[in-house]
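Note that the protein sequences, when read in sequence, are chains A and B.
Every position in the first sequence, counted from 1, becomes a number in our numbering once 953 is added.
Every position in the second sequence, counted from 1, becomes a number in our numbering once 953 is added.
Below you'll find the structure, written out as structure tokens, and then a few comments.
There are 2 protein chains.
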Amino acid sequence: MELNDRKKRILQAVVSDYIETAEPVGSRTIARKYVTDLSPATIRNEMADLEEMGYLEQPHSSAGRVPSVMGYRVFVDNIMEKYKLSVMETIRMQEVMNEQAQQFDKLIEKASRVIASVTNYATVAVSTGHKRSKLKAIQIAPVSSKEMVLIIVTFDGTVKNKLIRLKNDVEPEDAVRLSKEMTGRLSGLSLNEISLETINSIKNEFYSLEELVGAIIGFVSEVIGEIDSKQVIVDGGVNLLKFPEYSNIEKAKEILEVLDNKEQLSNMISLPMPTGNKVNILIGDEKNGVKLKDCSLVLCNYEFNGSSGTIGVIGPTRMDYARVVSALEYLCEGMRPQLEGGVTKNDQEKK
Amino acid sequence: MELNDRKKRILQAVVSDYIETAEPVGSRTIARKYVTDLSPATIRNEMADLEEMGYLEQPHSSAGRVPSVMGYRVFVDNIMEKYKLSVMETIRMQEVMNEQAQQFDKLIEKASRVIASVTNYATVAVSTGHKRSKLKAIQIAPVSSKEMVLIIVTFDGTVKNKLIRLKNDVEPEDAVRLSKEMTGRLSGLSLNEISLETINSIKNEFYSLEELVGAIIGFVSEVIGEIDSKQVIVDGGVNLLKFPEYSNIEKAKEILEVLDNKEQLSNMISLPMPTGNKVNILIGDEKNGVKLKDCSLVLCNYEFNGSSGTIGVIGPTRMDYARVVSALEYLCEGMRPQLEGGVTKNDQEKK
DNA sequence: ATTAGCACTCAAAGTAGTTGAGTGCTAATA
DNA sequence: TATTAGCACTCAACTACTTTGAGTGCTAAT
């Protein structure tokens, strides 16, 4: 049997209505609200076909139809129309993009927050590719003779700092010299390219600053660890509670617990880097080993000053895919490298 | 009527059992499990008295008794026995205290996490008193000739940084000079004592570095803003979902939404600085304007290198107060100033 | 090919009836 | 006089049964 035009129209009606109401959709409803040129009986016949083809399901024999995972799939891939973001929505997203464009880590945090609030689902973001981000500078800023702030800056604009207290005095000049030297030797290397030999040679050269050098090395490895164990940001978990699919606590707990488990989330999101920075939609079934039956996940990759990552929206399978996709695309597009005086795509569109 | 010893025993039984089971407690249960030397009938009479006195309530006429807010109050103030923390519990808390003792902001984050996981309720922490924390140093660390990391360090060990990009080149020497000068002039001042005049005089003196000085001033005011608008940390919200009082979604949503609203939380927690760093227990009724009827809040103040704050546990009124109080007291005690070589109270106890 | 009509299905909502944990009161007991 | 056994009473929670209505599939008419 072929998915002809009429069948498509009816499938679209079922999915759209179900997305809106969360109730099984009957033939009458469709005839009244969507496909007014056909009678319920005809629609019933078509729906029976669609069910046979695997696009629809019936919760029980006298209920309306509900989209199956396959149904959502073709809806998302072939039927769904592009959602046009409202002005308010674009403004809210742009505000964030403009505000804090320098610091990678903060940027993602803000981005997650907007996406959660614009889509009304939950957001998850991880920064991968980070690993490859190269060291730009190591700075030692003396606070007092025994206290230093260590700073590591990478090429993507991530800044990590640590306040340390030393037992021995260190002259500010020495600190400056050391940081210059370390920056010189280590700059351009990716964080995990820094070898023990390099470190040791610095250690030998600055044997008088042994304690400080030790602290720096400790900090560097700490930062490597931190950056490698990708940062996972979650926002908008509570949003999900307003959907009827989570009105029973067990379901709600299930998903909120997943959102609380950064480890698991990271696995779920970061494995399946799909094509370019197109959005990728995972529906229903198990996603990367994490089983969240009735959830969908819309993922989008972003890039920013050489670092990249994935930001995703988690919600019920009955998610407003069109809106979510548009929002994510707009945001990720707007997050492309912001070089000095650079113009992002969204800016251009506005003109 | 007087709250004699026998009544106290029975009240204790009711509260303890209700805390454990979340079910109304009947006279038989008490006679079997707690007050074995009295018959159910006698206990019934006493319970009727306790109800008349306002310490107990009946959900309906043929149910057992449940503690009233007043009942919890006297339980907490006069009846409850101190809970002795298990070794595991103390170890878990100490690990955190020792690990990241230098940086104030990170410390509180970790502390919240442990408390949530040790108590199995939700934790909320704010850092107040921060406002009074004094500026220790302003550092400018050049990354390249056009990029600088600005760093502000306060006396309590808070470090804030920001990566900025300038239009004009700045010589590293100038940056060093400027940061020395600014540290010299501003160090020791609390963040909101920094006056416009001081700022302007620096601006005049370093007119050639106008852009950089401008950026720094912007950053300083940003940091003041950030520190004044207290940082609110929340953890363990999902923990609450396992309690039957939140098995209906509306209730769950209500409390999780409060936990999501940092503004509201901050008001709820930070207003009622009670005596010293003793714990303070708010039961049931409205707390500082936020109405969360069936919740209790156990608060404890901490101090750390001159900054202070409040950490609190939120849970159902039927909370294991004794355990929560002990955990909070232990933790806040352990968080006292960690000066070089200093010994905290908990360390001493161990010996 | 479409549709009106009708019998059929089944979850959800409503209606009793039953059960059992718990109470309060009274009269017997230590 | 304080305690307790005994008993009638209450009421949420559970079960079993009925009703309702939205929705279906099939058939015969258009």
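Using N, Cα and C, we set each Cβ at its ideal position, and we do this for glycine too.
What's the gap between the Cα of residue i and the Cα of residue j?
{"i": "B/N1031", "j": "B/S1200", "result": "31 Å"}
{"i": "B/T1270", "j": "B/Y1036", "result": "18 Å"}
{"i": "A/K1059", "j": "A/V1277", "result": "22 Å"}
{"i": "A/N1254", "j": "A/K1231", "result": "7 Å"}
{"i": "A/R1347", "j": "A/E1286", "result": "There is simply no residue 1347 of chain A to check, as chain A begins at 954 and stops at 1304 in what is shown."}
{"i": "B/D1109", "j": "A/A1128", "result": "22 Å"}
{"i": "A/S992", "j": "A/N998", "result": "10 Å"}
{"i": "B/G1190", "j": "B/Q1047", "result": "23 Å"}
{"i": "A/S1021", "j": "A/G1007", "result": "7 Å"}
{"i": "B/I1234", "j": "B/S1249", "result": "7 Å"}
{"i": "B/V1176", "j": "B/K1113", "result": "7 Å"}
{"i": "B/S1219", "j": "B/E1164", "result": "36 Å"}
{"i": "A/K1303", "j": "B/K1099", "result": "Note that A/K1303 has pLDDT 40, beneath the 50 cutoff, so the model's placement of it is unreliable and the number below is only indicative. Distance between the alpha carbons of A/K1303 and B/K1099 is about 30 Å."}
{"i": "A/R1045", "j": "B/G1171", "result": "23 Å"}
{"i": "A/E1118", "j": "B/K1133", "result": "Contrary to the premise, residue 1118 of chain A reads as Arg rather than Glu in this sequence. So the alpha carbons of these two residues sit roughly 19 Å apart."}
{"i": "A/S969", "j": "A/E1010", "result": "15 Å"}
{"i": "A/P977", "j": "A/H1013", "result": "10 Å"}
{"i": "B/E1005", "j": "B/I963", "result": "14 Å"}
{"i": "A/D1238", "j": "A/Q1184", "result": "25 Å"}
According to DSSP, is residue i helix, strand or coil?
{"i": "A/N1073", "result": "coil"}
{"i": "B/R1045", "result": "helix"}
{"i": "B/S1014", "result": "coil"}
{"i": "A/G1262", "result": "strand"}
{"i": "B/T1021", "result": "With the sequence shown as reference, residue 1021 of chain B is identified as Ser, and Thr is not the correct amino acid for it. Correct three-state label for B/S1021: coil."}
{"i": "B/Q1092", "result": "strand"}
{"i": "B/R1276", "result": "helix"}
{"i": "B/E1256", "result": "strand"}
{"i": "B/M1135", "result": "helix"}
{"i": "B/K1231", "result": "coil"}
{"i": "A/R1066", "result": "helix"}
{"i": "A/R1118", "result": "strand"}
{"i": "A/E955", "result": "coil"}
{"i": "B/T1312", "result": "As displayed, chain B neither begins before 954 nor continues past 1304, which places residue 1312 of chain B out of reach and without an answer."}
{"i": "B/K1087", "result": "strand"}
{"i": "A/K1244", "result": "coil"}
{"i": "A/V1123", "result": "coil"}
{"i": "B/K1113", "result": "strand"}
Does chain A have any CB closer than 8 Å to the CB of residue i?
{"i": "B/K1089", "result": "yes"}
{"i": "B/V978", "result": "no"}
{"i": "B/K1063", "result": "no"}
{"i": "B/A1069", "result": "no"}
{"i": "B/K1215", "result": "no"}
{"i": "B/S1143", "result": "no"}
{"i": "B/I1104", "result": "yes"}
{"i": "B/L1194", "result": "yes"}
{"i": "B/E1210", "result": "yes"}
{"i": "B/S1200", "result": "yes"}
{"i": "B/V1243", "result": "no"}
{"i": "B/V1191", "result": "yes"}
Could you give the C-beta distance for residue i and residue j, rounded to a whole number, given that I count them as a contact under 8 Å?
{"i": "A/Q1217", "j": "A/V1251", "result": "With 8 Å as the limit, A/Q1217 and A/V1251 do not qualify as a contact, their Cβ atoms being about 18 Å apart."}
{"i": "A/A975", "j": "A/E1198", "result": "7 Å"}
{"i": "A/A1075", "j": "A/N1192", "result": "6 Å"}
{"i": "B/V1077", "j": "A/V1102", "result": "Actually they are not in contact, since the Cβ atoms of B/V1077 and A/V1102 sit about 29 Å apart, beyond 8 Å."}
{"i": "A/E1062", "j": "A/I1186", "result": "6 Å"}
{"i": "B/D1188", "j": "B/A1069", "result": "4 Å"}
{"i": "A/A1090", "j": "A/S1140", "result": "6 Å"}
{"i": "A/T1072", "j": "A/V1266", "result": "5 Å"}
Answer with yes or no whether the minimum CB distance from residue i to chain B is below 8 Å.
{"i": "A/S1219", "result": "no"}
{"i": "A/D1127", "result": "no"}
{"i": "A/K1206", "result": "yes"}
{"i": "A/G1110", "result": "yes"}
{"i": "A/E1116", "result": "The sequence as given places Leu at residue 1116 of chain A; Glu does not occur at that position. Yes, A/L1116 counts as interfacial toward chain B."}
{"i": "A/I1169", "result": "no"}
{"i": "A/A1094", "result": "yes"}
{"i": "A/S1098", "result": "no"}
{"i": "A/V1266", "result": "no"}
{"i": "A/S1174", "result": "no"}
Whole alpha helix (DSSP H) elements within the region 976-1002 of chain B, 4-residue minimum
Entirely contained in the region 976-1002 of chain B, the alpha helix (DSSP H) runs reaching 4 residues are, in chain order, 980-986.
At 4 residues or longer, what runs of the alpha helix (DSSP H) sit wholly inside the region 1156-1188 of chain B?
Here the runs fully enclosed are 1163-1181.
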